[in-house]
Structure formats: C-alpha cells, structure tokens
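Heads up, the thing below is written out as structure tokens.
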Amino acid sequence: MNKALNQKISQFLDDDLDVDGALYLLQKIQSDADTANTLKRYQAVSHALKTNQFLMANTDFSAKIIAQIEQEAFYLSPKHKPTITHNRKLIALAASIAVIAVLTARGINNPNPLSTLQVATQQHTEQASKSVNYAHLSGSNQEQYPLNKRINDYLQAHNNSVYTQGEADLAPLSRVTAYQQK
Amino acid sequence: MTVTKCFFLAPLLLSIVFLSADTALGEDSALITPDLNPSKTPAIQSGKQILLKMTQAMRTLNYQGTIAFLRNGKLEPMKYFHAANNGVEQERLLSLNSPLREIIRDADKVSCLYKAAQQIVVDYRPFERSFLIELPKNLGELDTIYNIDIVGEENIAMQLAYVIAITPKDNLRYARKIWLNKQYFLPLKLAVYNFYEGVFLDKALEQLVFTDMQVIDALPFVEINKPDPNNLGQASYKPQQQSSNQAGFTVSKPPHGFKEIFFTRRPLHKAQQPVDHLLLSDGLASVSIYMEHKNNALQSEATLSKNVQSVGAVNFFSRTLGDFELTVMGEVPALTVKLIAEGVKLKNAGD
Numbered sequence: 638m639n640k641a642l643n644q645k646i647s648q649f650l651d652d653d654l655d656v657d658g659a660l661y662l663l664q665k666i667q668s669d670a671d672t673a674n675t676l677k678r679y680q681a682v683s684h685a686l687k688t689n690q691f692l693m694a695n696t697d698f699s700a701k702i703i704a705q706i707e708q709e710a711f712y713l714s715p716k717h718k719p720t721i722t723h724n725r726k727l728i729a730l731a732a733s734i735a736v737i738a739v740l741t742a743r744g745i746n747n748p749n750p751l752s753t754l755q756v757a758t759q760q761h762t763e764q765a766s767k768s769v770n771y772a773h774l775s776g777s778n779q780e781q782y783p784l785n786k787r788i789n790d791y792l793q794a795h796n797n798s799v800y801t802q803g804e805a806d807l808a809p810l811s812r813v814t815a816y817q818q819k
Numbered sequence: 265m266t267v268t269k270c271f272f273l274a275p276l277l278l279s280i281v282f283l284s285a286d287t288a289l290g291e292d293s294a295l296i297t298p299d300l301n302p303s304k305t306p307a308i309q310s311g312k313q314i315l316l317k318m319t320q321a322m323r324t325l326n327y328q329g330t331i332a333f334l335r336n337g338k339l340e341p342m343k344y345f346h347a348a349n350n351g352v353e354q355e356r357l358l359s360l361n362s363p364l365r366e367i368i369r370d371a372d373k374v375s376c377l378y379k380a381a382q383q384i385v386v387d388y389r390p391f392e393r394s395f396l397i398e399l400p401k402n403l404g405e406l407d408t409i410y411n412i413d414i415v416g417e418e419n420i421a422m423q424l425a426y427v428i429a430i431t432p433k434d435n436l437r438y439a440r441k442i443w444l445n446k447q448y449f450l451p452l453k454l455a456v457y458n459f460y461e462g463v464f465l466d467k468a469l470e471q472l473v474f475t476d477m478q479v480i481d482a483l484p485f486v487e488i489n490k491p492d493p494n495n496l497g498q499a500s501y502k503p504q505q506q507s508s509n510q511a512g513f514t515v516s517k518p519p520h521g522f523k524e525i526f527f528t529r530r531p532l533h534k535a536q537q538p539v540d541h542l543l544l545s546d547g548l549a550s551v552s553i554y555m556e557h558k559n560n561a562l563q564s565e566a567t568l569s570k571n572v573q574s575v576g577a578v579n580f581f582s583r584t585l586g587d588f589e590l591t592v593m594g595e596v597p598a599l600t601v602k603l604i605a606e607g608v609k610l611k612n613a614g615d
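If you read the protein sequences in the order shown, they are chains A and B. Start counting the first sequence at 638; every next residue gets the next number (our numbering). Start counting the second sequence at 265; every next residue gets the next number (our numbering).
Have a look at this one:
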C-alpha cells in the first residue's frame with residue numbers, strides 16, 4: 638500500500654499523475670500527516686537532484702507564521718498623525734506670505750476694481766433667485782433682507798416652529814419693532 | 265331565587281352591563297384613559313384609538329425630557345416640560361444651545377424669554393395647542409382625508425413604542441409617522457414625509473425626537489414676568505380674531521378637508537400696513553394665506569419668488585393679485601400651496 642502511495646507521490650512531483658489520482662493524493666495529504674511528510678521529503682530529494690543545491694526548510698515554517706499573525710496585537714484607536722515639524726511650519730508660512738504678496742500686487746495693478754464687485758453681485762442675485770435662505774439674515778445680505786423679513790414674519794404668524802429653531806434674528810425682533818411704533 | 269342561582273347569574277349580568285355601556289359610548293371612548301399600568305394594557309384595535317389615547321395623555325400627564333427638533337437641516341436640542349393640574353396645562357421649552365431662551369405656553373399664550381438680551385416676547389396663538397403635534401379634538405375629522413394605521417413597534421429613547429402612520433388619501437398633503445410610548449401613549453418621535461401615490465418618498469422632511477422622557481407625579485407651573493411697556497426689549501402682541509368676511513379675498517375650491525380656522529387683519533412688518541391672514545387647516549396640516557398691498561420693496565422682490573419655495577417642510581408661493589401681493593404658506597406639498605394660491609380671488613373684482 639505504501640509503495641503504491643509513494644509511487645503516486647513521485648508521479649505527482651513529476652507531473653505524471655492523472656487528475657483523479659492527484660485529487661486522491663491531495664485529500665490523503667490533508668488527512669494524513671505521514672503522507673504529507675513523505676511528500677515534503679520526496680520534494681526535497683527531487684529538488685536536490687535537479688539543482689545540485691539543497692535548502693531544507695523547516696516543516697513548520699508556515700505554521701509558525703500563521704501562529705505569529707494570530708497572536709499579533711491590533712489597535713482600534715486611530716493612529717496619531719505625524720507631528721508637523723518646525724521646518725514644515727516655516728515652509729507653510731513662507732508660502733502663505735508669497736501668496737499674499739502676489740495677490741496684493743495684483744490688486745494694486747488692477748485698473749478696474751469694480752469688476753470683482755460686479756461678479757460678486759451677479760452671483761448673489763443668482764443665489765437669491767434659486768432659493769430663500771431665511772435662516773441666515775445678516776448684515777452682509779442686505780439686498781435679500783426685505784423678502785426674508787417678510788417670509789419670517791409670515792412664518793412667525795403661521796406656526797410656532799420659529800421658537801424651536803435657534804435663530805437669533807428671527808421674527809420676535811420684528812414684534813419688538815412693531816411694539817415700539819405703537 | 266336561591267343564593268346559588270345568584271352566585272352564577274351575577275357575573276353574567278355584570279358582563280352584559282359592561283358590554284352595553286361600551287357600545288353606547290362608541291369604540292373610541294372605551295380607550296380614553298391612559299393606562300398607567302402596562303401589565304393591564306388592553307388589546308389595541310386601531311391606530312385611531314391609540315392617537316385618541318395620545319391626545320388624552322398629552323393633556324393630562326406631567327412629563328419631561330430632552331427633545332431634538334430637526335428642521336431645515338438644523339438640529340435644535342431643548343428640554344421639554346409639560347405640567348398639568350386640574351385641567352390646566354403648561355408647556356415649557358428650554359433651549360440648550362444659543363440663543364438661550366425659555367418658551368412657555370399657557371393655553372393660547374406663548375411667552376419667549378431671550379436670556380442674553382433679556383427680551384420677552386408674548387404671542388397669542390389661539391389656533392395652536394402644543395409644541396409637539398397638533399391634532400383635531402375630534403379625530404373623526406381626519407377620516408375622509410387620512411388613513412391612520414399601526415405599522416409596527418420600535419424602541420425610541422429605549423422605550424418601546426407603537427409606530428402610527430398617518431397617510432393622506434390624496435397627493436396634496438404630507439404623511440406623518442408618530443412613535444408613541446406603549447406604556448403612557450406619549451409621543452416620543454414625530455416625522456413628516458413626502459408621500460405620493462401611496463409611497464413614502466425620501467427621508468423625513470422634518471422630525472422631532474425625545475432622547476429621554478420621564479412621566480412624573482407633578483411639575484411646577486412657571487411664570488415669565490409680564491412685559492414691561494416701558495422696556496423696549498419687551499413686547500406683547502395679541503391678534504384679534506375677526507370674521508373672514510372682512511378678508512379682501514376669497515378662496516375658491518381649496519383641497520378637500522381644508523377649513524377656515526382663523527382670520528385677522530393686522531400689521532405684521534415694520535410698517536403699519538395691515539396684512540390679511542387667513543389660516544386654513546385640514547385638522548393636521550395648516551396653510552396660511554397672506555395678502556397685503558404692494559409697495560416698492562415688495563415689487564422689487566417679486567422677481568425672486570416666481571416658483572414655490574420651501575423652508576423645511578413648509579412651502580410658500582407668492583403672486584401678484586391686482587394691487588396686492590399674495591403669499592400662501594403651509595406644511596403641505598408645493599403643489600398644494602400653488603393650487604390654493606391660484607384659487608384665491610379678490611373680492612369685488614372680476615379677477
């Protein structure tokens with residue numbers, strides 16, 4: 638029996654074994670440690686005969702690697718970002734100063750300062766026509782204020798949801814104004 | 265009749281008496297009292313019965329908790345208190361984030377104290393009863409407009425809750441889901457959804473949710489000092505309900521179920537120019553119609569609002585009507601505000 642099995646191992650290593658025989662052998666290797674060791678021994682002999690060099694690997698080499706990986710600790714906490722070195726800070730500061738210098742120079746040389754304003758105004762108008770952001774009334778948004786003011790007043794009169802929204806400048810202020818005029 | 269016969273007949277007679285009383289009061293009345301003992305919770309028949317218990321519990325119990333309002337993409341956490349004693353109620357909200365404020369509702373009076381500015385605003389809102397949810401006193405009003413169903417059970421704030429879906433029978437209103445504490449029938453969460461052809465669309469348009477809630481024996485009633493008329497930082501405004509016959513407009517063919525709830529004519533803006541305000545409601549959703557004279561400022565704005573616009577679940581639509589500017593606003597779909605706006609006509613005009 639062993640002789641037949643050894644014959645199959647030898648054929649397997651020489652790639653002469655048919656598919657069914659190879660499958661049978663592989664199953665046998667998985668279940669039988671002696672057969673697996675025989676395969677390793679034949680493999681080493683074959684390797685030495687063919688190359689005139691012999692490197693004997695430990696039979697439990699891969700098992701040791703697997704065991705070490707399983708025992709390796711892992712951490713759920715995020716890694717610390719590398720601290721920015723002093724040199725990098727200096728480089729960032731220098732780059733910022735350079736950008737400011739370039740922008741300042743362009744501003745001085747700009748013959749038509751109104752063009753920037755016109756673009757900004759146009760963008761503002763487009764934004765206003767798309768939607769009313771009633772929640773952000775501010776001094777920088779004066780052109781939109783009348784409509785928002787009106788909608789705020791309507792919202793305030795419609796239901797009490799304005800009280801449960803944390804907007805500091807909502808309609809209650811308009812009530813104060815109305816009171817002053819009474 | 266012997267004692268033995270009485271012993272057997274008494275339970276039978278008692279059963280008949282109880283069954284008769286139950287039938288006479290109708291299906292809803294049997295479940296009016298919130299059950300404070302969960303071990304005795306009766307079998308629940310319908311979502312409508314649960315909502316009825318909710319309205320009763322909201323009025324009669326003392327409870328407090330932390331509530332998060334999510335509207336218009338903004339989260340606003342607040343402390344909530346509801347005190348009830350002998351039929352008198354008080355709701356109180358304390359903001360946890362800036363601007364710090366305390367809001368108190370006593371019946372139709374809402375007082376808001378802005379703590380940093382020491383500003384007090386007193387507002388009278390005769391058409392509202394709760395910061396949490398408005399439901400009609402008679403839930404039967406919703407029968408022809410909404411379906412009310414129990415759609416499941418979930419945990420909210422670590423409390424087991426019924427999930428009630430209120431879905432419209434047409435495409436002209438939003439759907440709502442209410443999560444109700446199974447023990448006390450108090451609302452733990454409320455969400456408003458777009459609903460079209462029987463399907464919930466997208467995420468909730470707005471919602472409020474309790475992160476914790478406790479029912480307790482008693483809560484104190486709190487009072488904010490009356491506004492001082494000599495203090496410019498304090499204001500009080502009380503709109504007078506008037507007959508809608510005084511309105512300068514009529515609403516033709518509003519969506520089914522919408523009725524006139526409140527009308528007043530009063531100044532709303534900085535100027536003393538009066539604004540007509542008519543409030544319609546179908547029992548759950550409300551729509552306001554505002555009409556005021558055009559002025560230069562409004563004319564310049566008209567170009568900004570040719571489409572239906574929205575703030576969270578509230579849609580609004582403006583249009584010009586003769587010499588007037590009309591705005592319809594409400595927590596209903598865009599289609600509905602536009603439909604109502606197009607049905608508004610000036611009185612004494614062939615418009």
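Just so you know, even glycine gets a beta-carbon here, dropped at the ideal spot from N, CA and C. Quick caveat: nothing in here was measured; it's all calculated off a predicted structure.
- Distance from the CA atom of residue 358 (chain B) to the CA atom of residue 365 (chain B), rounded to whole angstroms, is 6 Å.
- According to DSSP, residue 507 (chain B) shares a beta bridge with no other residue.
- By the neighbour-count criterion, in which 16 or more other beta carbons inside 10 Å mark a residue as buried, residue 577 (chain B) falls on the buried side.
- DSSP places residue 311 (chain B) in the helix class (H, G or I) of the three-state scheme.
- Using beta-carbon distances, residue 541 (chain B) counts as an interface residue toward chain A, with a partner under 8 Å.
- Remark: three or more beta-carbon pairs, one from each stretch, lie closer than 8 Å, so the segment 461–475 of chain B and the segment 318–337 of chain B are flagged as touching.
- Around the beta carbon of residue 660 (chain A), fewer than 16 other beta carbons sit within 10 angstroms, so the residue counts as exposed.
- Counting C-beta pairs closer than 8 Å gives fewer than three between the segment 415–431 of chain B and the segment 383–394 of chain B, which falls short of the contact rule.
- In the three-state DSSP reduction, residue 787 (chain A) falls in the helix class (H, G or I).
- For residue 487 (chain B), no chain A residue has a Cβ inside 7 Å of its Cβ, as the nearest lies near 17 Å away.
- Here the C-alpha atom of residue 508 (chain B) lies approximately 15 Å from the C-alpha atom of residue 551 (chain B).
- Beta-bridge annotation (DSSP): residue 556 (chain B) is paired with B:589.
- Look at residue 346 (chain B): its C-beta is not under 8 Å from any C-beta on chain A.
- Judged by DSSP secondary structure, residue 643 (chain A) falls outside any beta strand (DSSP E) and instead within the alpha helix (DSSP H) spanning 639–650.
- By the neighbour-count definition (other C-beta atoms within 10 Å, threshold 16), residue 698 (chain A) is an exposed residue.
- Contact annotation: residue 444 (chain B) and residue 450 (chain B) have beta-carbon atoms nearer than 8 Å.
- Between residue 340 (chain B) and residue 788 (chain A), the alpha-carbon positions lie close to 21 Å from each other.
- The straight-line gap separating the alpha-carbon atoms of residue 402 (chain B) and residue 416 (chain B) is approximately 24 Å.
- By the criterion of a C-beta distance shorter than 6 Å, residue 346 (chain B) is surrounded in its chain by 327, 355, once the five residues flanking it on both sides are discounted.
- When secondary structure is reduced to three states using DSSP, residue 522 (chain B) falls in the coil class, being assigned neither helix nor strand.
- Straight-line measurement puts the Cα of residue 383 (chain B) at about 31 Å from the Cα of residue 544 (chain B).
- Chain-ordered listing is empty here: chain A has no CB closer than 9 Å to the CB of residue 442 (chain B), the nearest sitting near 17 Å.
- Sixteen is the threshold: since fewer than 16 other Cβ atoms of the shown chains lie within 10 Å of the Cβ of residue 460 (chain B), the residue is exposed.
- In this structure, residue 548 (chain B) and residue 430 (chain B) form a Cβ contact; the two beta carbons are roughly 7 Å apart against a cut-off of 8 Å.
- Between the C-alpha atoms of residue 727 (chain A) and residue 733 (chain A) there is a straight-line separation of about 10 Å.
- Within 10 angstroms of the beta-carbon of residue 798 (chain A) lie 16 or more other beta-carbons, which makes it buried.
- Residue 378 (chain B) and residue 363 (chain B) have their C-alpha atoms some 7 Å from each other.
- Exposed is the label assigned to residue 668 (chain A), since fewer than 16 other Cβ atoms lie within 10 Å of its Cβ.
- Boundaries of the beta strand (DSSP E) around residue 541 (chain B): 538–545.
- Note on the segment 350–403 of chain B: whole beta strand (DSSP E) runs with a minimum of 3 residues are 352–359, 365–370, 373–378, 383–388, in chain order.
- Contact note: residue 591 (chain B) reaches chain A through 787, 788, 791, using a C-beta cutoff of 9 Å and chain order.
- Only residues of its own chain outside the window of five on either side were considered, and among them 553, 581, 601, 604, 605 have a CB closer than 6 Å to the CB of residue 592 (chain B), listed in chain order.
- Residue 679 (chain A): member of the alpha helix (DSSP H) spanning 670–688, first to last residue.
- Per DSSP, residue 604 (chain B) is one residue of the alpha helix (DSSP H) stretching across 598–606.
- Under DSSP, residue 479 (chain B) forms a beta bridge with B:327.
- Under the DSSP assignment, residue 447 (chain B) falls outside any beta strand (DSSP E); it carries neither an H nor an E label.
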